[in-house]
Structures are given as C-alpha cells and as structure tokens.
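Residue numbers for the sequence shown follow UniProt numbering, so the first one is 1 and each next one is one higher.
Ideal Cβ placement from N, Cα and C applies to all residues, glycine included.
Shown next, in structure tokens, is the structure this report addresses.
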Amino acid sequence: MSDIRGYTGIAERTDPVVLAGQLDAHRREMAVAIRDAGGTIVQYAGDAVLAVFGAPAPLVGHERLACQAAAAMHARQRALDDVWAARGFEPFGLGIGVATGVVAAAVLGSDDHLEYSVVGDTVNLAQRLQTMARRPGTTVVSAATAAAAGLSGAGVVELAPTTVKGRVGLVRAFRLQDPGTRASSPAVRAGTPPVSAGDLSGASRRPRSSTPVACSGAGRGPAHQPAHQPDRLIGGRRETPDPEVPPRRRSALAPR
C-alpha cells in the first residue's frame with residue numbers, strides 16, 4: 001500500500017483542479033509500475049493506492065515483484081515531481097508498505113456497486129507498514145517479504161521490533177533505504193508452496209479460498225471475474241476446495 005506523505009497539507013495549499021490533475025497523473029504512473037511487475041490494482045482511496053501480487057492469478061516470485069514495483073513507483077513519482085517542479089507544483093513523496101501472507105480475494109458489495117477486494121490480516125499489516133515508511137521515498141516490508149524475496153545488502157535495514165495499532169505482539173520489519181533496491185532472487189525460495197487463486201465468483205460474491213500473496217500499493221482491479229473453483233497444491237497433491245466449506249486462515253508462506 002502506498003500513501004502520499006503530507007497530502008493533507010498539499011491539498012490545503014493547492015487549487016483543487018490542479019490537485020485533481022496531479023492525482024490523476026500520479027495514479028497513472030503508479031498503475032504502470034504495478035502492472036509492469038505483474039500486480040493487480042485493487043483500490044485507489046484518496047491519496048492511497050492498494051495492489052496485490054499473486055491474486056487473482058498465481059504469480060511466481062510475487063514477493064520479489066512487489067518490491068520491484070515499489071521501487072518503480074518511487075522512481076516514476078520522482079520523475080513526475082521533476083516535471084511538476086518546473087510548473088511550480090508541489091511534489092508527492094511516497095511511503096510504501098509491503099506485506100506477504102494469506103488473503104481472501106472476492107468481489108464484494110451490493111447489487112448496484114461491486115468491487116474486487118482482498119481482505120485479511122496481511123492487508124492490514126501492509127497498511128501499518130506503510131505508516132512506518134515516514135520519510136518520503138521509503139519502503140517498509142514485513143519480515144516474511146524480506147525473507148521470501150531474498151532482500152539483503154547495505155540498502156536493507158532491519159527495524160527494531162515494534163507494536164502496531166490493532167495487532168497483538170511485536171512486528172518485525174525492514175526498511176529499504178534506496179528506492180531502487182531490488183530483491184536478489186528471481187525465483188520463489190526452495191520449499192515455498194505455489195500461490196493459488198482466490199474464488200472470484202460474481203454469483204456468490206463471497207471468498208471461498210485463501211491466497212498467499214504480497215500486498216503493496218497501486219491500481220484498479222477488475223470489477224468482475226469469471227466464476228471458477230481453483231485447485232491448489234497441498235503437500236504435493238492437487239486438491240479442489242469444497243465450495244460449501246467456509247474460508248479458513250492459513251499460515252503465511254514465509255516466517256515472520
């Protein structure tokens with residue numbers, strides 16, 4: 001999840017028409033960064049952007065790709081800021097949070113308004129990590145993301161374990177110092193089970209399976225998806241979820 005630092009103050013100082021144009025350009029650039037990395041844009045909410053990697057379709061190396069998308073988002077926003085500076089517009093400094101874990105993906109809403117959504121603790125954690133990325137141009141990732149993506153080097157700093165609002169226990173996280181930091185491994189780490197797609201049935205509009213994913217920030221997802229019942233690999237064998245069994249929480253792909 002991404003957020004524009006100091007946006008409230010920017011909105012107070014900027015003509016609404018100018019601000020709308022800036023937000024439009026910002027969202028377009030973020031969408032390119034997300035989609036180029038294979039992500040799905042789930043939601044624009046004011047100055048925040050939410051994206052998911054690994055849903056609705058499986059995505060090998062989704063943790064690494066989410067981190068690459070975050071770096072590209074920062075780079076594209078910096079380029080946009082340079083253009084704006086020549087016109088006297090204020091820059092948008094981003095803070096981005098990336099978390100890896102299980103979510104439920106589904107089309108939710110009412111008969112007259114539906115939207116593709118991802119819900120679960122992983123989404124909430126991504127939002128909390130985003131608030132920890134206080135300095136513009138910073139990305140904070142969960143320990144699970146850092147481990148699965150193979151993040152290491154001078155540009156990756158482990159933060160002191162801390163509590164975050166609404167969660168029990170301490171959260172381990174890493175700050176990516178350089179917005180250009182990329183994950184070192186192009187593949188999912190050995191022993192990591194493949195991701196599986198969530199059920200996106202427009203008929204029932206309720207989640208029927210859980211999906212291990214990486215949540216980052218940006219873009220708009222599809223309003224509808226074909227109804228299907230996904231298979232998933234469990235202990236080396238393929239299993240088709242029972243449509244009558246309600247969704248269950250499952251452990252994340254990598255240790256926290």
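Just how far apart, CA to CA, sit residue i and residue j?
i: Leu94; j: Arg134; result: 9 Å
i: Pro168; j: Leu125; result: Per the sequence presented here, residue 168 reads as Val, with Pro not at that position. So the two alpha carbons sit approximately 12 Å from each other.
i: Leu176; j: Asp111; result: 42 Å
i: His26; j: Leu80; result: 8 Å
i: Gly137; j: Leu114; result: 33 Å
i: Ser117; j: Ala51; result: 10 Å
i: Val171; j: Gly21; result: 37 Å
i: Ala55; j: Trp84; result: 34 Å
i: Leu23; j: Arg78; result: 14 Å
i: Cys67; j: Leu129; result: 13 Å
i: Val69; j: Asp36; result: Looking at the sequence provided, one finds Ala at residue 69 rather than Val. Roughly 8 Å between the two C-alpha positions.
i: Thr122; j: Gly46; result: 21 Å
Excluding the 5 residues flanking residue i on each side, which residues of the same chain have their C-beta closer than 6 Å to its C-beta?
i: Phe174; result: Val141, Ala146, Val156 and Glu158
Quick check on DSSP: helix, strand or coil for residue i?
i: Thr162; result: strand
i: Ala173; result: strand
i: Ala147; result: helix
Which residues in the same chain have their Cβ closer than 8 Å to the Cβ of residue i, if we skip the five residues on either side of it in sequence?
i: Ile10; result: Ile4, Leu19, Glu90 and Phe92
Kindly indicate the opening and closing residues of the alpha helix (DSSP H) around residue i.
i: Ala154; result: Neither: Ala154 is in no alpha helix (DSSP H) and is coded neither H nor E.
Who are the near neighbours of residue i in its chain, counting only those whose CB is closer than 7 Å to its CB and skipping five residues on each side?
i: Val119; result: Val103 and Ala104
For the beta strand (DSSP E) that contains residue i, what are its first and last residues?
i: Arg141; result: One point to set straight first is that residue 141 is Val, not Arg, in the sequence displayed. Val141 -> beta strand (DSSP E) spans Thr138 to Ser142.
4 or more residues per run - each alpha helix (DSSP H) lying fully within the UniProt domain "Guanylate cyclase" (1-130): For the alpha helix (DSSP H) assignment, the uninterrupted runs of no fewer than 4 residues enclosed by the UniProt domain "Guanylate cyclase" (1-130) are, from N- to C-terminal side, 7-13, 16-36 and 62-85.
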